[in-house]
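Read the structure below first, then the notes.
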Amino acid sequence: IHLAVLDMHMPRLTGLETLQLVRQINRILPAILITADATLELMRQAFHAQVFSVVPKPVNPHVVLTTVVRALVRVYGTVDEPPQKPAHGEPTQ
């Protein structure tokens, strides 16, 4: 696992509680928190938990993808480009 994308409100644990457990295993794992209620208190908690970014709902897929790439580059220094989808009719590799 190279990155965690967590929703703040999940059935059993919050995203921050889940991150706290994950960090016992992997202290440098970058995390992105998704939430519909980005209050000042939540932002403070996320900062304290070293969350890379808090993304508000409704989620914009472009914002999430850009944030994922930025987090991976910050922690690992680089990101492999995803394979390009072949054009219609071109053979796949």
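Residue 1216 is where the sequence shown starts when you use this note's numbering, and the numbers rise one by one after that. Positions of the beta carbon are idealized from the N, C-alpha and C atoms, including for glycine.
Compute the Euclidean distance between the alpha carbons of residue i and residue j, then round it to the nearest angstrom.
i, j, result
"residue 1268", "residue 1251", "14 Å"
"residue 1275", "residue 1236", "27 Å"
"residue 1255", "residue 1292", "30 Å"
"residue 1230", "residue 1248", "7 Å"
"residue 1242", "residue 1263", "14 Å"
Assuming residue i contacts residue j (C-beta within less than 8 Å), just tell me the rounded distance between them.
i, j, result
"residue 1279", "residue 1287", "The pair is not a contact, with the Cβ atoms about 13 Å apart (cut-off 8 Å)."
"residue 1266", "residue 1253", "At roughly 11 Å, the Cβ-Cβ gap does not stay under 8 Å, so residue 1266 and residue 1253 are not in contact."
Are residue i and residue j touching if we call contact CB-CB under 8 Å?
i, j, result
"residue 1257", "residue 1223", "yes"
"residue 1218", "residue 1244", "yes"
"residue 1270", "residue 1282", "yes"
Tell me which residue opens and which closes the beta strand (DSSP E) that residue i is part of.
i, result
"residue 1220", "1219-1222"
Give, in chain order, every unbroken run of the beta strand (DSSP E) that is at least 3 residues long and sits entirely within the region 1268-1293. Runs of the beta strand (DSSP E) lying entirely within the region 1268-1293 and spanning at least 3 residues, in chain order: 1268-1271.
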